[in-house]
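Protein chains in written order, with our numbering: chain V, 2 to 329; chain S, 2 to 329.
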């Protein structure tokens, strides 16, 4: 049998992570719990904050295994789980691992590929669904701006906004992503922030102001959008991609922008919305079925590809939900 | 008869206004509308923004009369108004002026002194009432922080929070104000930001975090409070005293603070809440009657005192609702 390998953090990254910040090493599966074989590993921007101890889910110190959400297959029947069953859990980036049965969530067995349970039907889908449902509450003909719009959260938010009848403008960083947002996700407009002047593009596309903003990035994009909020605007703050690689948290937009628009700016953390997961899965699976909801995956193959794939994600070079297909 | 005088803006102030930025000159009452005699002039921090053209109600350019909310007495019966009736209107800082009858709001005639209709029972009271009712929605035992707590808005917010059962901590800038907040407004705690380290005081007084914040000042006080928000905190952004005297709008707190607390940060502009005015007047008059709501006025006498009184307000040296008793 091949070695049981895992990915560990070798040293705390400085700025944008590089593959040399990580190492592969031989691992033990552990003594207690249900033996599982990892099928898919979710790569997420929030992990960057954990490497610096700045994320609310805690720190990953050098020497520890990288960990995130996984889809695993039960390898040996135990504690009420059958061999071959698919489960979702938070765990290490490792081929085989024993996990406490309380930490395992059974997943629907009719989702193909099961990796969707880490993407459009998983945490990113839940984030988008909760943001639309609890904060943005789009009304027909309102204008919705979404940053990182080609990412798994952004693309889902944007399309749920479109399905609700809003006018949706996506912000993304490549021609390829922008083309996909128009052709496949059917957005009303796109802004390539690397090619266009963002403020000029927003002025051109949002002459009546911005009613809703779903923010995945923070930084100057957040400020530029906040400068253009319409009265009674809603802003969902979800991610801070622009500052995950920096040491000191920067300042934010002038609070006067919130006052002027009588805006409501709310923080969105997906862990608060676990109660919406099954409703979300049913709703989004239905939209996918009806071909109203497009999605993309950015799959790397094999555990050893994880460090470079994570670094690509943190350089903003992924296109779609970043994940590792471990078995391949 | 004495001259009809008015206060004009002589030049745009740099930083904190000085009395030399203003001038008194002889004025005409005008040809059209109802002739009124000004009784009380409201002095408000937001006026500083108008002098630089940075307030949503527009600019007061050099050469124009200073203007704000007034209580006036109808001097000659006209257009359905009787001589001697008291009205409220936005108008120039001037002894006598004709105003369009549509711009005149009749006021209750049983409020004594009528100046309260510019303070605790006027715009500041309405601001406080709307903030409590539409944004903060205090629940018993929650902790509410109020900045500029001895000002007419802050003191009313703080006491409405206390009446709703919240634990209320006021931030103010003098021993005298802090003493009044404890002795008369019956707050649970106070912080003199000029004498204490604000962050240490907040940590000491809010060990379980801050559930509600009513912000009148912006700047570093806003950041310090936002660093300490409890989960599901509500923040009402109402004023930016810390930046009214500066030219360039500064940045605000890091948006990560809003995400971490899942906070809801909302802009509050009193003009949106005119529909609550009579409800507010009845509710607050009742609390005053029952001796549960304390208030203070900072009255200067005579029109010629207005420039210096406004400058004192902008230096933060007022204590209570700043107004001019014109007739005195």
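Beta carbons: idealized from backbone N, C-alpha and C, even for Gly.
Nearest-angstrom Cα separation, counted from residue 108 (chain V) out to residue 174 (chain V): 34 Å
- Task: Can you give me the Cβ contacts of residue 59 (chain S) inside the same chain, cut-off strictly under 8 Å, excluding the 5 residues immediately before and after it?
- Result: The beta carbon of residue 59 (chain S) lies closer than 8 Å to those of 51 in the same chain, with the five residues before and after it left out.
For residue 115 (chain S), does the count of other Cβ atoms within 10 angstroms reach 16, so buried, or fall short, so exposed? Answer is buried; the Cβ neighbour count reaches 16.
Could you tell me which residues DSSP puts in a beta bridge with residue 39 (chain S)? Residue pairing from DSSP places residue 39 (chain S) in a beta bridge opposite S:73.
#### Entry: residue 261 (chain V) at chain S interface by Cβ criterion, 8 Å
yes
Beta strand (DSSP E) segment containing residue 214 (chain S), residue limits | 211-216
Quick check on residue 93 (chain S): does DSSP put it in helix, strand or coil? Of the three classes helix, strand and coil, the one that applies to residue 93 (chain S) here is strand, per DSSP.
Quiz item: Taking the C-alpha atoms as reference points, what is the distance between residue 140 (chain S) and residue 89 (chain V)?
Solution: 38 Å
Exercise. What's the gap between the Cα of residue 202 (chain V) and the Cα of residue 166 (chain V)?
Worked result: 22 Å
Exercise. Buried or exposed for residue 209 (chain S), please, with buried defined as at least 16 other CB atoms from any protein chain shown within 10 angstroms of its CB.
Key: exposed
In chain order, what residues of the same chain have a beta carbon less than 6 Å from the beta carbon of residue 155 (chain V), not counting five sequence neighbours either side?
-> 147, 149, 217
* Mind checking if residue 257 (chain S) is an interface residue toward chain V, Cβ cutoff 8 Å exclusive? -> yes
First through last residue of the beta strand (DSSP E) which encompasses residue 331 (chain S) | No answer is possible for residue 331 (chain S): it lies beyond the span of chain S, which begins at 2 and ends at 329.
Item to complete: Take residue 65 (chain V) and list the residues in its own chain whose beta-carbon comes closer than 8 Å to its own, dropping the five residues that flank it on each side.
Response: 9, 10
Would residue 71 (chain S) pass as a contact of residue 286 (chain S) if the rule is Cβ separation under 8 Å?
no
Rounded to the nearest angstrom, what separates residue 77 (chain S) and residue 86 (chain S) at their Cα positions?
10 Å
* Asked: Which value, in whole angstroms, describes the spacing of the CA atoms of residue 26 (chain S) and residue 124 (chain S)?
  -> 28 Å
Discussion item. Just to confirm, is the Cβ distance from residue 13 (chain S) to residue 63 (chain S) under 8 Å?
Written reply: yes
request  = Anything in the segment 261-278 of chain S with a Cβ closer than 9 Å to a Cβ of chain V? List those residues in chain order, please.
outcome  = Listed in sequence order: 261, 262, 263, 264, 265, 266, 267, 268, 269, 270, 273.
Residue 48 (chain V) touches chain S at which residues, Cβ-Cβ below 9 Å?
Those within 9 Å of residue 48 (chain V) in chain S number zero; the least Cβ separation is about 16 Å.
Spell out whether any CB of chain V is found under 8 Å from the CB atom of residue 254 (chain S). yes
*Pair within 8 Å by beta-carbon distance, residue 321 (chain S) and residue 298 (chain S)*: At a Cβ-Cβ threshold of 8 Å, residue 321 (chain S) and residue 298 (chain S) count as neighbours.
*Under 7 Å between beta-carbons, which chain A residues line up against residue 251 (chain V)? List them in chain order, please.*
Checking the listed chains, one finds no chain A in this structure; the protein chains it contains are V and S.
Spatial neighbours of residue 6 (chain S) within its chain, please: C-beta separation below 8 Å, excluding the five flanking residues on both sides. So the qualifying residues of the chain are 25, 26, 27, 28, 95, 96, 304, 305.
Check: Between residue 37 (chain V) and residue 100 (chain V), what straight-line distance do the alpha-carbon atoms span, to the nearest angstrom?
Finding: Straight across, the Cα-Cα distance linking residue 37 (chain V) with residue 100 (chain V) is about 7 Å.
### Message
When you compare the segment 249-261 of chain S with the segment 220-239 of chain S, are there three or more beta-carbon pairs, one atom per stretch, that lie closer than 8 Å?
### Response
Short answer: they touch.
Please tell me whether residue 235 (chain S) and residue 268 (chain V) are closer than 8 Å, where the distance is taken between their beta carbons.
Not closer than 8 Å, so no.
> Just the Cα atoms here: how many angstroms apart are residue 187 (chain S) and residue 44 (chain S)?
Replying inline: 26 Å
- Close-in-space but distant-in-sequence residues of the same chain around residue 102 (chain V) (CB under 6 Å, 5 per side omitted): 35, 80
Would you please verify whether the beta carbon of residue 219 (chain V) is less than 8 Å from any beta carbon of chain S? yes
Residue 301 (chain S) in three-state terms, based on DSSP
DSSP, read as helix, strand or coil, puts residue 301 (chain S) in strand.
Report task. Tell me, please, whether the CB atom of residue 145 (chain V) is closer than 8 Å to any CB atom in chain S? Result -> no
Over what stretch of residues does the alpha helix (DSSP H) that includes residue 289 (chain S) continue unbroken? Note, residue 289 (chain S): alpha helix (DSSP H), 278-290.
Query - Under 8 Å between C-beta atoms of residue 266 (chain S) and residue 170 (chain V) - result: Not in contact: residue 266 (chain S) and residue 170 (chain V) (Cβ atoms no closer than 8 Å).
* Nearest to residue 31 (chain V) by alpha carbon, out of V:168, V:328, V:98? -> Residue 31 (chain V) has its Cα closest to that of V:98, out of V:168, V:328, V:98.
Taking Cβ positions only, does residue 241 (chain S) come closer than 8 Å to chain V?
At least one chain V Cβ lies under 8 Å of residue 241 (chain S).
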